[in-house]
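> Be aware that the sequence shown starts at 1, since it is given in full-length UniProt numbering, and climbs by one per residue. Cβ atoms here follow ideal geometry from the backbone N, Cα and C, with glycine treated the same way.
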Amino acid sequence: MDDPAAGNQAQSPVPTGRVAGRSPAPADAGGSGAVHATPARGDAARAASADRRLYLAGILLAAGGAILFSGKAIIVKLGFRFGADAVTLLALRMLVAFPLFLLMGWWAARRAVRPLTGGERWRIAGLGFLGYYLASFLDFAGLAYISATLERLILYLTPTLVLLIGWAAFGRRPGRVQWIALAVSYLGVALAFGHDLQAGDKGILIGGALVFGSALAYALYLVGSGELVARVGAVRLTAYASSVASVLCIGQFLLLRPLSALALPREVYWLSLLNGTLCTVAPVLMVMLGIARIGSGPAAQIGMLGPVSTIVLSMLVLGEPMGPWQVAGTGLVLGGVLLVSRAQVARP
């Protein structure tokens, strides 16, 4: 499953975020409030403390999910170094994640108030193809050509693509602040892209186009899933769509590669185990739980840790260079996406 905007575009499975602070109960008439003032204040203090713990847990879950999502690109790049290709790495990742998504879907189905209709099943299958199979395959293929840092910056354009799709398909014209945010975001990618092009590797153009296609596919998934998630539920939709993508990714490998392609170093299998669990299923659950506790807006802003952690990991683990143009590009992309997110929230 892909994670544009670090997978923090996920819809909340619970409609509420942080619990509002509670005020002490009013004192009874006739001065009886003095008798109950201390217990009331104690209850309010305990409630406020519980709210703070809940909110802190949501922050930690959202941050952990964003960081784990960002590790996907690092693991894929390491897998390439051991001789694996995008088709094989994607199949191994989803082979590990598939049973966990089935378990998640079974749990969500037991809690559902009604079964899926035939039309909903077909829509979920289409969304699984678009948002989790196609987006993931294009992303993995693009990583063979570009750095993990540039990949993450391009994927982080997903909110801007959602905005443009909404304008083209539904006539929701962006406001002035949103246009400025779009310009800032794409200028940031252009700076980072231009820096990498200076090395003279024309493959960067191919890789950049593939990853941008991944971001576009996931943006279309987000637009298409908006209404469905309210009826089906975020957990059930994610589990079912990811299960569809798992079957497609594994089937793609069986069609395009011989079984002898699985004769790979054991390091590839350990990396795939990490990719399928810690960088796929675990962050999906963590981000959903985080959104349920703090709301989608704060979770999306915390998700900006994703590109930053990718940069740090790519430098420490992969030895990728980080120049001033890339730093400037990263700052512009993050700033632009933040402006887009805030403008969407503020706009009626």
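Does DSSP classify Val35 as helix, strand or coil?
Confidence in Val35 is poor, its pLDDT being 49 and thus under 50, which makes the residue's placement too unreliable to answer from.
> For Leu222 and Leu150, what's the separation of their Cα atoms in angstroms?
22 Å
> If you follow the alpha helix (DSSP H) that Pro265 is part of, which residue opens it and which one closes it?
If you look at Pro265, you'll find it isn't in any alpha helix (DSSP H); DSSP assigns it neither H nor E.
> Express the C-alpha separation of Gly64 and Asn8 in angstroms, rounding to a whole number.
Because the pLDDT of Asn8 is 45, which lies under 50, any placement of that residue in the model is unreliable, and the question is left without a value.
> Pick out whichever of Arg293, Tyr240, Gly329, Leu191 has its Cα sitting closest to the Cα of Tyr55.
Arg293
> Okay, do the stretch 70–85 and the stretch 304–314 touch, 3+ Cβ pairs below 8 Å being the bar?
yes
> Could you check whether the stretch 129–145 touches the stretch 162–179, counting it as contact only if at least three pairs of C-beta atoms, one from each stretch, sit closer than 8 Å?
no
> Would you please state the rounded distance, in angstroms, between the beta carbons of Val327 and Ser185? I believe it to be under 8 Å.
The pair is not a contact, with the Cβ atoms about 16 Å apart (cut-off 8 Å).
> In this structure, does DSSP put Leu157 in helix, strand or coil?
Assigned with DSSP and collapsed to three states, Leu157 falls in coil, not helix or strand.
> In this structure, does DSSP put Ala144 in helix, strand or coil?
coil
> Which residues mark the beginning and the end of the alpha helix (DSSP H) in which Gln178 is found?
176–197
> Could you spell out where the alpha helix (DSSP H) holding Arg121 opens and where it closes?
Taken as a continuous stretch (DSSP letters only), the alpha helix (DSSP H) holding Arg121 covers 118–127.
> Taking contact to mean 3 or more Cβ pairs, one atom from each stretch, closer than 8 Å, check whether the stretch 209–223 and the stretch 262–280 are in contact.
no
> Whole angstroms are fine: how far does the CA of Met104 sit from the CA of Trp270?
Those two C-alpha atoms are separated by around 23 Å.
> Apart from the five residues just before and just after Leu102, which ones in its own chain have a Cβ nearer than 7 Å to its Cβ?
Ser243
> Using C-beta distances below 6 Å, list every residue in its chain close to Leu216, excluding the 5 sequence neighbours before and after it, in chain order.
Leu161
> Output the boundary residues of the alpha helix (DSSP H) element that contains Ser314.
Per DSSP, Ser314 belongs to no alpha helix (DSSP H) and is neither H nor E.
> Do Gly128 and Tyr240 have their C-beta atoms closer together than 8 Å?
yes
> Just curious, the alpha helix (DSSP H) that Leu100 is in, first and last residue?
86–111
> Using the rule of at least 16 other Cβ atoms within 10 Å of the residue's Cβ for burial, across every protein chain shown, is Arg81 buried or exposed?
In this structure Arg81 is exposed. Its beta-carbon is surrounded by fewer than 16 other beta-carbon atoms within 10 angstroms.
> Between Met288 and Val232, is the Cβ-Cβ spacing less than 8 Å?
no
> So, helix, strand or coil for Glu320, using DSSP?
In the displayed model, Glu320 falls within coil according to three-state DSSP, outside both helix and strand.
> Are Val333 and Leu153 closer than 8 Å when you measure CB to CB?
Leu153 sits close to Val333, with the two beta carbons spaced by under 8 Å.
> With distances taken Cα to Cα, identify the nearest neighbour of Cys249 among Arg173, Leu89, Leu259, Ile204.
Leu89
> Report the three-state DSSP secondary structure of Gly171 (helix, strand or coil).
coil
> Apart from the five residues just before and just after Gly331, which ones in its own chain have a Cβ nearer than 6 Å to its Cβ?
none
> Leaving aside the five residues before and after Val35 along the sequence, list all residues of the same chain whose C-beta is less than 6 Å from its C-beta, in chain order.
Confidence in Val35 is poor, its pLDDT being 49 and thus under 50, which makes the residue's placement unreliable; the coordinate value appears in the next sentence. None.
> Which whole-angstrom value describes the C-beta separation of Asp196 and Ile146, a residue pair presumed to lie in contact below a C-beta threshold of 8 Å?
7 Å
> Among Ala181, Glu227, Val113, which has the Cα closest to the Cα of Tyr156?
Ala181
> Go through its chain and collect everything with a Cβ distance to Gly213's Cβ below 7 Å, but skip five positions before and after it.
Leu138
> So, for Ser32: in the same chain, excluding its five sequence neighbours on each side, which residues have a beta-carbon less than 8 Å away from its beta-carbon?
Because the pLDDT of Ser32 is 47, which lies under 50, any placement of that residue in the model is unreliable, and the number read from its coordinates should be weighed accordingly. Cβ within range, chain order: n/a, list empty.
> With a threshold of 16 other CB atoms inside 10 Å of the CB of Ser246, please say whether the residue is buried or exposed.
Label assigned to Ser246: buried.
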